[in-house]
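Chemist:
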Amino acid sequence: MTNEFDRTAIARDWLPRYTGMPLEQFGDYILLTNFSNYVEKFAKRFDCPIVGQGKPMQAATNKDGLTIVNFGIGSANAATIMDLLLAREPEGVLFLGKCGGLKDSTEIGHFILPIAAIRGEGTGDDYLPAEVPALPSFKLHKFVSDRLLERGLEYRTGVVYTTNRRLWEHDAEFRAKLDRLTCIGIDMETATLFIVGHYNSISRGALLLVSDVPTTPEGVKTIKSDAKVTDQWVDIHIEVGIEAMTRIGKQGEQIRHFRY
Numbered sequence: 077m078t079n080e081f082d083r084t085a086i087a088r089d090w091l092p093r094y095t096g097m098p099l100e101q102f103g104d105y106i107l108l109t110n111f112s113n114y115v116e117k118f119a120k121r122f123d124c125p126i127v128g129q130g131k132p133m134q135a136a137t138n139k140d141g142l143t144i145v146n147f148g149i150g151s152a153n154a155a156t157i158m159d160l161l162l163a164r165e166p167e168g169v170l171f172l173g174k175c176g177g178l179k180d181s182t183e184i185g186h187f188i189l190p191i192a193a194i195r196g197e198g199t200g201d202d203y204l205p206a207e208v209p210a211l212p213s214f215k216l217h218k219f220v221s222d223r224l225l226e227r228g229l230e231y232r233t234g235v236v237y238t239t240n241r242r243l244w245e246h247d248a249e250f251r252a253k254l255d256r257l258t259c260i261g262i263d264m265e266t267a268t269l270f271i272v273g274h275y276n277s278i279s280r281g282a283l284l285l286v287s288d289v290p291t292t293p294e295g296v297k298t299i300k301s302d303a304k305v306t307d308q309w310v311d312i313h314i315e316v317g318i319e320a321m322t323r324i325g326k327q328g329e330q331i332r333h334f335r336y
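Using my numbering, the letters of the sequence shown correspond one by one to residues 77 to 336.
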């Protein structure tokens, strides 16, 4: 049977293997994303190199010791990066992701700080029983919310639904289920990041950008609509993430992980 030492040893070998970044170059605080352009914008701002080109994940670390990693799309990749970060044991991890808005109050360009995520993706079941809720670390989210308020940015809180399904928009039964669950948004990674982070004792959060309104015919994401979101809101998304995770180590309350 694999013990905890073996898991950590594997992670120490595989995190550099997947990202191309030596362990000592990872910072104490980590930004996670699904998108290569987030890493590119981060690297351009701080004039730091991007490593991992041609590898499954790309990463960059600035002079302040903040690291950003593009781990890919989907819950399996989300679980993989949260397992591999065992090798670094970061002080905090913030996911900068996009999601679909499911309420009238969640317009494109708004931010969501999820108070929980429904585990509809199934991946987290390999870590903890289905009864264990997928939750962020409160102190981390509180600090991020303060940064949003400082900038006067619109944001919502609520429960998001995480699914493995990519094409569900025309499934009436699935849409009815989302209505019954009263979810504020839907994505493919948040619940997995939260539950695997809890399993591995990693403090974690998610700042989601509403990029589409998939329950309306004209709101389903396309290449054209996503490009508009990128032009108008991605820079501020990254800026809030950078500011929050740079300042939290100096100004935020100490984040401690407790088992439920």
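Where is the CB? At the ideal position from N, CA and C, for every residue including glycine.
Thinking C-beta only, is threonine 109 closer than 8 Å to lysine 131?
Modeler: No, the pair does not count as a contact, with Cβ atoms beyond the cut-off.
Chemist: May I have the straight-line CA-CA distance separating glycine 103 from aspartate 202, to the nearest angstrom?
Modeler: Answer to the nearest angstrom: the Cα atoms are 28 Å apart.
Chemist: Taking the straight line between their C-alpha atoms, what separation do you get for alanine 136 and tryptophan 90?
Modeler: C-alpha separation (whole angstroms): 17 Å.
Chemist: Alpha carbon to alpha carbon, how far is arginine 83 from valine 289? Give it in angstroms, no decimals.
Modeler: Those two C-alpha atoms are separated by around 40 Å.
Chemist: Who are the Cβ neighbours of leucine 170 in its own chain at under 8 Å, not counting the five residues just before and after it?
Modeler: The answer, listed in chain order, is Tyr105, Ile106, Leu107, Leu108, Leu216, Val220, Arg280, Gly281, Ala282, Leu283, Gly317, Ala320, Met321.
Chemist: Once the 5 residues before and after valine 305 are set aside, which same chain residues still bring their CB inside 6 Å of it?
Modeler: The answer, listed in chain order, is Ser287.
Chemist: When you measure from the CB of leucine 99 to every non-hydrogen atom of the ligand MN, does any distance come out below 7 Å?
Modeler: Absence of the ligand MN from the depicted structure is noted, as is the absence of any ligand whatsoever, leaving it without description.
Chemist: Find out if the Cβ-Cβ distance for the pair isoleucine 194, threonine 238 is shorter than 8 Å.
Modeler: Going by C-beta atoms, isoleucine 194 is nearer than 8 Å to threonine 238.
Chemist: Does DSSP classify methionine 77 as helix, strand or coil?
Modeler: For methionine 77, the pLDDT reaches just 46, beneath the cut-off of 50, and the residue's location in the model is therefore unreliable, although a value from the coordinates is still provided. Looking at methionine 77 - three-state DSSP - the assignment turns out to be coil, as it is neither helix nor strand.
Chemist: Could you tell me the distance, in whole angstroms, from the CA atom of tryptophan 309 to the CA atom of alanine 87?
Modeler: Rounded to the nearest angstrom, the two C-alpha atoms are 34 Å apart.
Chemist: Rounding to the nearest angstrom, what Cα-Cα distance links lysine 326 and alanine 248 in this structure?
Modeler: Straight-line Cα distance between these residues: approximately 48 Å.
Chemist: Would the segment 146–154 and the segment 260–271 be scored as touching if the rule is three or more Cβ pairs under 8 Å?
Modeler: The answer is yes - the segment 260–271 touches the segment 146–154, with three or more Cβ pairs under 8 Å.
Chemist: Whose C-alpha, out of Ser112, His246, Met158, is nearest the C-alpha of arginine 199?
Modeler: A small correction: the amino acid at residue 199 is threonine; arginine does not occupy that position in the sequence shown. Answer by Cα proximity: Met158.
Chemist: Using the beta-carbon count (16 or more within 10 Å), is threonine 182 buried or exposed?
Modeler: Answer is buried; the Cβ neighbour count reaches 16.
Chemist: Roughly how many angstroms separate the alpha carbons of leucine 99 and phenylalanine 214, rounded to a whole number?
Modeler: Each residue's alpha carbon lies about 27 Å from the other.
Chemist: Quick one: using the 10 Å Cβ neighbour count with 16 as the cut-off for buried, is isoleucine 324 buried or exposed?
Modeler: By the neighbour-count rule (16 or more Cβ atoms within 10 Å), isoleucine 324 is buried.
Chemist: Taking Cβ to Cβ, would you say phenylalanine 111 is nearer than 8 Å to asparagine 146?
Modeler: Contact: yes.
Chemist: Name the two residues that bound the continuous alpha helix (DSSP H) containing isoleucine 318.
Modeler: Element bounds for isoleucine 318: 311–327.
Chemist: Would you check if the distance between the CB atom of isoleucine 188 and the CB atom of glycine 234 is smaller than 8 Å?
Modeler: A contact, by the Cβ cut-off of 8 Å.
Chemist: In terms of residues, what are the limits of the beta strand (DSSP E) holding valine 169?
Modeler: Looking at the DSSP string, the run of the beta strand (DSSP E) that includes valine 169 is 168–177.
Chemist: Using the Cβ count rule (16 or more neighbours within 10 Å means buried), how would you classify arginine 164?
Modeler: By the 10 Å Cβ count, arginine 164 comes out buried.
Chemist: Considering only the beta carbon of each residue, do leucine 162 and leucine 254 sit closer than 8 Å?
Modeler: No, the pair does not count as a contact, with Cβ atoms beyond the cut-off.
Chemist: For a test of the three-state rule: what should DSSP assign to leucine 142, helix, strand or coil?
Modeler: Strand.
Chemist: Span of the alpha helix (DSSP H) holding leucine 225?
Modeler: Start and end: 214–226.
Chemist: Using a threshold of 8 Å, state whether the C-beta atoms of leucine 204 and isoleucine 271 are closer than that.
Modeler: Yes, the pair counts as a contact, with Cβ atoms nearer than the cut-off.
Chemist: Only counting the same chain, and skipping five residues up and downstream in sequence, which positions put a Cβ closer than 6 Å to that of leucine 160?
Modeler: Once the five neighbours on either side are set aside, the close Cβ partners of leucine 160 are Ala87, Trp90, Leu91.
Chemist: Which full runs of the alpha helix (DSSP H) of 4+ residues lie inside the segment 244–286, going along the chain?
Modeler: With a minimum length of 4 residues, the continuous alpha helix (DSSP H) runs that stay inside the segment 244–286 are 248–257, 266–275.
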